[in-house]
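Anchor point for the sequence shown: position 314 equals 314 in full-length UniProt numbering, and the numbering is continuous, going up by one each time. C-beta: ideal position from N, C-alpha, C; glycine also. All of these numbers come straight from a predicted model, not from anything done at the bench. Contents: one structure, followed by commentary.
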Amino acid sequence: MVASPLTAINGERAVVFFFVFRVLSSLPLSLLPHALSLSLLSVFSLFVEIRADGSLSLFKTRPGASSGIMLGAVTLPTVMLSKLIQLSRAFSLQQIEIGELEHMTMQFWAASACCCGVLIFLSILMWCAAYNKNPHFSCSVWDAKFSLSCVILFSVVCCISLATISHTGFNTALKLLWLLCHGFAAVKLIQHLLNTFPCCASIGEALLLTSGLVLYFGDMLACTISKVCRLLVSPELVSIRYGIKRSEIGIIIQGVLLGLLIFSAVFKFVIHLWEYFSRADNSESRKNKEIRRSLIFFASLGFTMIVVSPSWMMIVLDFDVHPILWIFQFVLSEPLKRLSLCIYWLGLIYASVLRFYNISKNSKIERILLRKYYHLLAVSMFLPALIYQVWRIWPLGQLVHQFMSAFTDHRDSDILIVSHFSLLLGCALPIWMSSGFNDRPLIPFAGILSLGIGDTMASMVGHKYGVLRWSKTGKKTIEGTAAGIVSVLAACSVLLPLLASTRYIPTQHWFPLLIAVTTSGLLEAYTAQLDNAFIPLVFYSLLCL
Numbered sequence: 001m002v003a004s005p006l007t008a009i010n011g012e013r014a015v016v017f018f019f020v021f022r023v024l025s026s027l028p029l030s031l032l033p034h035a036l037s038l039s040l041l042s043v044f045s046l047f048v049e050i051r052a053d054g055s056l057s058l059f060k061t062r063p064g065a066s067s068g069i070m071l072g073a074v075t076l077p078t079v080m081l082s083k084l085i086q087l088s089r090a091f092s093l094q095q096i097e098i099g100e101l102e103h104m105t106m107q108f109w110a111a112s113a114c115c116c117g118v119l120i121f122l123s124i125l126m127w128c129a130a131y132n133k134n135p136h137f138s139c140s141v142w143d144a145k146f147s148l149s150c151v152i153l154f155s156v157v158c159c160i161s162l163a164t165i166s167h168t169g170f171n172t173a174l175k176l177l178w179l180l181c182h183g184f185a186a187v188k189l190i191q192h193l194l195n196t197f198p199c200c201a202s203i204g205e206a207l208l209l210t211s212g213l214v215l216y217f218g219d220m221l222a223c224t225i226s227k228v229c230r231l232l233v234s235p236e237l238v239s240i241r242y243g244i245k246r247s248e249i250g251i252i253i254q255g256v257l258l259g260l261l262i263f264s265a266v267f268k269f270v271i272h273l274w275e276y277f278s279r280a281d282n283s284e285s286r287k288n289k290e291i292r293r294s295l296i297f298f299a300s301l302g303f304t305m306i307v308v309s310p311s312w313m314m315i316v317l318d319f320d321v322h323p324i325l326w327i328f329q330f331v332l333s334e335p336l337k338r339l340s341l342c343i344y345w346l347g348l349i350y351a352s353v354l355r356f357y358n359i360s361k362n363s364k365i366e367r368i369l370l371r372k373y374y375h376l377l378a379v380s381m382f383l384p385a386l387i388y389q390v391w392r393i394w395p396l397g398q399l400v401h402q403f404m405s406a407f408t409d410h411r412d413s414d415i416l417i418v419s420h421f422s423l424l425l426g427c428a429l430p431i432w433m434s435s436g437f438n439d440r441p442l443i444p445f446a447g448i449l450s451l452g453i454g455d456t457m458a459s460m461v462g463h464k465y466g467v468l469r470w471s472k473t474g475k476k477t478i479e480g481t482a483a484g485i486v487s488v489l490a491a492c493s494v495l496l497p498l499l500a501s502t503r504y505i506p507t508q509h510w511f512p513l514l515i516a517v518t519t520s521g522l523l524e525a526y527t528a529q530l531d532n533a534f535i536p537l538v539f540y541s542l543l544c545l
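Shown next, in the form of structure tokens:
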């Protein structure tokens, strides 16, 4: 049954529609196929979300959260499209090469393919669930035609767009196969995440994480294939242009994340192997087992980060020295600036952990306000942190887990603490993505402004002084949202002159900035999803325009 238009459009969906419309209205005519594909993806995701809200529970998702399918499906493709708009301006000014523009085009279609593949999977899953409950159930002709039409139109537009950046039909077919692999990988990964971590995320949150991981590691794989092909065969035979210039820092970050992924698999295998051979020895005490397990953990981590990850880094980029030595050289090349910053970060972490943990144990401050101390720490550090799950590894793992648990909320679970890591990642992603050409000075600060300042002020003011609520069932208040929007605009008014005084020439127009701040503030007010993950990306996309 299809919901009526009035009941289908709630606050979150209205903000998402305006967000997509704002990006589409800024597109040049050369990106018209991309606009059509994003429009189809938005409508299709809305259709799937409405059906999911009125059907059986597909997975054990986070309690109290809506499915968030539409927001999760359009966020990453819209981010890529906003970045593509920015690079189109750079290409028209002859500040980048065509290869970088084609690379971002492939990133947009890869992100869209991930989301479209998951939407198709969810549609089939809902149909099968309804059929199993009622064998006489038959999907309406309108539903089937609408879903099939969206998929076919999306595929046709994708083929046309890829044909414009391909030299041969074989090249186009190869790129389509690459996108199909992204869609298939996204479907398998979201199944694994939702089944492995039940009740930890909504479908929309899992979809954003899934598409991001597949896109990121797919780019790493394509970069590796491109580099190996250029070493082994003629460079002209490399059909996918992933040979764009990459910085050493970008490769090191990718290598560290790759190492963490490999490490988790290696550590799990070694632990299973050790438990199999030590099963007969029951005399060993529990503490000795924990110590031995921790030693295996640190040894596996050290081998991965010192040997495996640097090996990949040196394959895809010609480092003069070992990447770890390059990091030390990079820090010591400007010791007054970079070494002092590292010392400041370490001191801030140490002082904050001691102070915040004592506050959480002894203070009567409510948890929603305690969590904002963590936001202040992220703002103070300004650190693009490398994120991974906290294990309870001897000797410090239990203490770290207790500290992290002191600042959790209803969105975290005993299995997985996500809000802290999503906060750091939300602050770091705009910094990473703004490397290279950047004609909008506030883009790198998107996470800090939206989360560290806007979300913090909205929560504190709304909790203490909020009276008028946005909805009868929600906790967000109009006073809190207004405080968040005003605080971000005030911070921008201070930050822009400061950037202008430090040789940052590009200007930021105030009316588009007001739209970006207001849209992200309204999304924070209406969404039931993990705002630490979505709001920085939405704000970043709107700042790129």
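Compare the Cα-Cα distances from residue i to each of the options and report the closest residue.
{"i": "G11", "options": "L542, R469, H509 and L499", "result": "R469"}
{"i": "E183", "options": "C199, E102 and L215", "result": "Note that residue 183 is Gly in the sequence shown, not Glu. Here the closest residue by C-alpha is L215."}
{"i": "L261", "options": "F217, A222 and I431", "result": "F217"}
{"i": "L213", "options": "E248, L429, H272 and L451", "result": "L429"}
{"i": "F437", "options": "A14, E97 and I9", "result": "E97"}
{"i": "C427", "options": "L537, I306 and R293", "result": "L537"}
{"i": "A73", "options": "I253, S66, F91 and S42", "result": "S42"}
{"i": "I152", "options": "F539, F44 and P512", "result": "F44"}
{"i": "I253", "options": "F539, P198, I431 and F534", "result": "I431"}
{"i": "G64", "options": "K475, C223, P497 and M104", "result": "K475"}
{"i": "S247", "options": "F319, L174 and I535", "result": "F319"}
{"i": "C150", "options": "A533, S30, C115 and I515", "result": "C115"}
Is residue i helix, strand or coil by DSSP?
{"i": "T527", "result": "coil"}
{"i": "R440", "result": "coil"}
{"i": "T210", "result": "helix"}
{"i": "R246", "result": "coil"}
{"i": "T477", "result": "strand"}
{"i": "R469", "result": "strand"}
{"i": "Q94", "result": "coil"}
{"i": "T61", "result": "coil"}
{"i": "N288", "result": "helix"}
{"i": "S422", "result": "helix"}
{"i": "G117", "result": "helix"}
Would you kindly check if the distance between the Cβ of residue j and the Cβ of residue i is under 8 Å?
{"i": "D439", "j": "Q94", "result": "no"}
{"i": "S88", "j": "P28", "result": "yes"}
{"i": "S39", "j": "L24", "result": "yes"}
{"i": "A446", "j": "L530", "result": "no"}
{"i": "S309", "j": "G250", "result": "no"}
{"i": "G454", "j": "S487", "result": "yes"}
{"i": "T473", "j": "A458", "result": "no"}
{"i": "V15", "j": "L522", "result": "yes"}
{"i": "F91", "j": "L84", "result": "no"}
{"i": "L221", "j": "T210", "result": "no"}
{"i": "L423", "j": "L451", "result": "yes"}
{"i": "V156", "j": "Y540", "result": "no"}
{"i": "I443", "j": "S435", "result": "no"}
{"i": "V256", "j": "V187", "result": "no"}
{"i": "T75", "j": "L208", "result": "yes"}
{"i": "V467", "j": "T477", "result": "yes"}
Using a threshold of 7 Å, is the CB atom of residue i nearer than that to any non-hydrogen atom of the ligand PLP?
{"i": "E97", "result": "Among the components modelled here there is no ligand, and therefore nothing to report on the ligand PLP."}
Given that a residue counts as buried once 16 or more other Cβ atoms are within 10 Å of its Cβ, and exposed if not, what is residue i?
{"i": "N288", "result": "exposed"}
{"i": "V20", "result": "buried"}
{"i": "Q107", "result": "buried"}
{"i": "G169", "result": "exposed"}
{"i": "R338", "result": "exposed"}
{"i": "I485", "result": "buried"}
{"i": "Y276", "result": "exposed"}
{"i": "P441", "result": "buried"}
{"i": "G302", "result": "exposed"}
{"i": "I120", "result": "buried"}
{"i": "E334", "result": "exposed"}
{"i": "G347", "result": "exposed"}
{"i": "N195", "result": "exposed"}
{"i": "P497", "result": "exposed"}
{"i": "I291", "result": "exposed"}
{"i": "W175", "result": "Looking at the sequence shown, residue 175 is not Trp but Lys. Burial call: buried."}
Name the two residues that bound the continuous alpha helix (DSSP H) containing residue i.
{"i": "H509", "result": "Taken as a continuous stretch (DSSP letters only), H509 belongs to no alpha helix (DSSP H), as it is neither H nor E."}
{"i": "I315", "result": "S309 to V316"}
{"i": "T172", "result": "G169 to T196"}
{"i": "D320", "result": "Looking at the DSSP string, D320 is not in any alpha helix (DSSP H), and its letter there is neither H nor E."}
{"i": "L32", "result": "L32 to D53"}
At a Cβ threshold of 8 Å, is residue i touching chain C?
{"i": "G255", "result": "Included in the structure is just one protein chain, with no chain C present."}
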